[in-house]
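Note that the sequence shown covers residues 2 to 617 in the working numbering.
Don't be surprised by glycine CBs; every beta carbon is placed ideally from N, CA and C.
Since the structure comes first, as structure tokens, the remarks are kept for the end.
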Amino acid sequence: MALTPEVFRDLERDIADTGKAVNVDAEVNPRYGLPFKSLPMLSRLFEAMIAAGYLRIDDLQSAIDIAAAAGAGANGWTADLVVDGDKTQKQINEEQNERKSVKLWATSLVDALSKYNSVDFDEDENINVPVALMSGQNITSNNHELNQTTPSTIVLEGQYGASDMVIDGLSIQQDKSGVVSGGTNNNHAAIKIRGGLRNKIKNLVLNSQLGISLGMGEAGAADRRSMFNVIRDIVFKNTNIGVEHIGASYNQSMNIVVDPQDKGAFMGDRGTGYDKIENPDETAHAPCHANNGVNWIIRNMATGISSQNSSKFESKINYFISGCDRAIQIIKGTVQGNNPTLNNYQIISEKCKQLIVNDGGNHNIFRFIADGSAFTDQGIQEIAGFLGKGFNQYLGTIKNSAKTAAQLRYSHNLYGLQVSKATGNGANVNGNYGGGLIIVDGATGTGVALAGNYNNMQVVATECLNALVVSGSGNTVNIQTDGNVQISGSGNTIIGRIGGNLTVTGNENKFIGEVVGTVARTGTTGNDFTWLKNWSGSIVLPEQTTDTAGRVTVTVPKHESAQIRTVYATIPLNTSEYELKVISISGANVMFELQNGTGSGVASTAVTFNYSYFCS
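Put into structure tokens, the structure is as follows:
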């Protein structure tokens, strides 16, 4: 390009404009592009904006850099520098994009959920209809209150099959004026899930009439169960049901506190469902399987844990249950195959009227530590009428039982039970073919009353009115006791030490071990006491000398209650071919006569012999 005077004039103007842009507080009108503000002018304007609160100080350097580039004609103005009222264009844009954000600026929770998948519920709100939730929606809050004012009405309700929802941090209130009558009339849980998957309910405080319900999905769905949901860190200040699993499977709950100020009418943790495989007449197929709970506190409810129709594979671990009518209640199913089975319970209990009430439950494990001072009925009670095999395990300790500690009726049970003080009996075992260990101390009645048949038991009983009473037949009992034992059944084998008296009115029983006290057995037949200490034995005597009639009398060290029935003597070194014959038995005294080969008495002769005796 030729260097003409015109070129030099344009160059001089560009140099002047550049100097003006850097040094003069003015607007620059360049040869090319739109007019722009000089850097001194921008500096003055920025300071005014900062003073007015329109711009943050930490954005200043960035804005200056952008403005400098704009001044050079490269970028133009950005959203950081455009101001409308008291907001920059960038702030306005961010608010317009909030349909995908977690900040709520809608007028109500219902309105928000109709527009957004994630809602930060950041103020208290009253509602009069359920808040409907769809799949993928999240509600989070910092303990703000959502108050349902309509009686008998759900607060938060998932649509049928709604999955992958999150409910977090709310304080939920629910009107309590509606009637609570039981059954399907109580279908207004504070939070209701209907057949959904993978939902998370956490960090809530509920002051409600009913609690959280994991229920069934829509009729006709391939699988109607609510599954794989997590419920955690929940406190119930008032409720008649804590968490219920109704037609739900494979769900997890943890860190739950159910502590109503007014006593709850139903249960803290409920499991029930419908299993058409076991009962084709069920209205649906949605069994209650594998709903696991850990770290619960349940207080002041009618029932702590309630396992009902089709409940199976449940695990309830580390539950503290207080002030309930029943800590655990097992309710039989619509058919025997739907009775609760294969469940695992581990609890600590106090101030409950009963520990376990089991109506037909089988193949379950109950582990417990319980203070029974508030019992108004048998602490553990297996309800009569179940015709199947029990196979339940009862493993634990009951202290200070105000009633009989355990009434065990089902067959094939396994026991590992300790009872420390009981007003009544320690344990009544009426089932057959069971086994295990029962230790009782301080029962005002019988330590263990065994009315069942063919059990294999170990019993340790101290300071009881009667340590052991056996009215059943065919049982084998290993016993250690300081008290009395009564046997009215037949065909039993009692092994061990009886520290008190033994009374036998049954027949064909066998006793092995020791009876410290007396043995009474009037009018019985076939009982075998010979294996008791001092009821039989072989005695090695020192040398004896016959009297002038060839006779010698020995005192048999028999039990005071034993009667000698058989006794015979042998002479180890019998070179003279003598024979000792029993002449008489009087109490513990047995008179022998030493006879020669012709049957005559051998007088005044030293003889060394042994004898064996058997009593009945």
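Comparing C-alpha positions only, which one of the options sits nearest to residue i?
i, options, result
"G159", "N94, P152, L134", "L134"
"G446", "G435, I439, V470", "V470"
"D548", "S311, T525, V603", "V603"
"I399", "N528, G361, V441, I128", "V441"
"T89", "F47, T377, N129, D234", "F47"
"K333", "T19, S214, G272, N188", "G272"
"A249", "N467, T240, H189, S308", "S308"
"L581", "R566, G598, A589", "G598"
"M268", "T284, Q330, P288, A223", "Q330"
"N365", "V25, N508, I357", "I357"
"K203", "V244, T284, G527", "V244"
"I586", "I565, V608, A428", "I565"
"N454", "A223, N429, G527", "N429"
"S562", "A589, I540, E578", "A589"
"I540", "S374, F387, T609", "T609"
"N379", "G386, R368, N188, Q355", "Inspection of the sequence shows that residue 379 is occupied by Gln rather than by Asn. Closest by alpha carbon: Q355."
"L533", "G514, A550, L542, V259", "G514"
"G397", "Y346, I16, S44, G338", "Y346"
"I173", "D112, G218, N188, K238", "K238"
"I232", "V258, N208, D224, M217", "V258"
"I140", "S119, M42, G524, R552", "S119"
Output needed for residue i: all residues of its chain with C-beta closer than 8 Å, excluding positions within five of it in sequence on either side, in chain order.
i, result
"N502", "N485, V486, V516, G518, T519, V520, A521"
"V461", "L438, I439, I440, V441, I480, Q481, T482"
"P543", "T609"
"G417", "Q394, Y395, L396, G397, G437, L438"
With a cut-off of 8 Å on the beta carbons, I'd call residue i and residue j a contact; round off their distance for me.
i, j, result
"T546", "S605", "7 Å"
"A220", "G197", "Going by Cβ atoms, the distance from A220 to G197 rounds to 15 Å, so no, they are not a contact pair."
"N144", "V236", "Not a contact, Cβ separation roughly 11 Å."
"G265", "M302", "4 Å"
"K201", "I155", "Incorrect: roughly 19 Å between the Cβ atoms, too far for contact."
"T151", "V130", "7 Å"
"L343", "I381", "So it is not a contact: roughly 19 Å between Cβ atoms."
"N479", "G497", "5 Å"
"F241", "Q210", "Note on identity: in this sequence residue 241 is Asn, with Phe being the wrong assignment. Indeed, because the Cβ distance is near 6 Å, the residues count as touching under 8 Å."
"S489", "T506", "5 Å"
"V290", "K313", "Per the sequence shown, the amino acid found at residue 290 is His instead of Val. Sure, about 5 Å apart at Cβ, within 8 Å."
"Y612", "A570", "4 Å"
By Cβ distance below 6 Å, which residues in the same chain neighbour residue i in space, the five residues on each side in sequence not counted?
i, result
"N414", "G391, N393, G432, G435"
"G74", "In this predicted model, G74 has a pLDDT of only 46, less than 50, meaning its place in the structure is not dependable; the value taken from the coordinates is given anyway. The answer, listed in chain order, is G34."
"S102", "For S102, the predicted model reports a pLDDT of 44, less than 50, meaning its position is unreliable; a value from the coordinates is still stated below. So the list is empty, once near-sequence residues are dropped."
"K104", "Residue placement at K104 is flagged as unreliable, the pLDDT there being 46, under the threshold of 50; the coordinate-derived value follows with that caveat. D121."
"T494", "T477, K511"
"T531", "S537, F615"
"G475", "N454, Y455, G492"
"K352", "S323, G324, A375"
"G179", "P152, S153"
Going by DSSP, name the residue or residues bridged to residue i.
i, result
"V583", "F593"
"E146", "S172"
"R498", "Q481, E515"
"Y275", "A287"
"H246", "L215, G272"
"C1", "Missing from the structure shown is residue 1; the chain here goes from 2 to 617 and no further."
"Y346", "K317, F367"
"C353", "None; C353 has no bridge partner."
"E126", "L147"
"W297", "I257, Y320"
"S227", "A249"
"K201", "V167, V231"
"D442", "S421, T463"
"Q382", "V358, Q408"
"T554", "M592"
"M458", "G437, V478"
"W536", "Answer by DSSP bridge pairing: none, since W536 is not bridged."
"M302", "G265"
So that I know if they touch, is there some Cβ in chain D lying closer than 8 Å to that of residue i?
i, result
"L469", "The structure shown has no chain D; it contains just one protein chain."
Got a sec? Which residues, its chain only, sit under 7 Å from residue i by beta carbon, not counting five neighbours each side?
i, result
"N426", "T405, A444, G446, T447, A450"
"V29", "D18, K21, A22, P36, F37, S39"
"T5", "none"
"R45", "D26"
Cβ of residue i versus every heavy atom of the ligand SAH: is any distance shorter than 7 Å?
i, result
"D112", "This structure simply doesn't include the ligand SAH, nor any ligand for that matter."
**Report entry** Touch test, the region 280–296 against the region 247–255, Cβ-Cβ under 8 Å, three pairs minimum
**Finding:** yes
Query raised in the report: Just checking, does the region 276–284 make contact with the region 315–325 on the three C-beta pairs under 8 Å criterion?
Result: no
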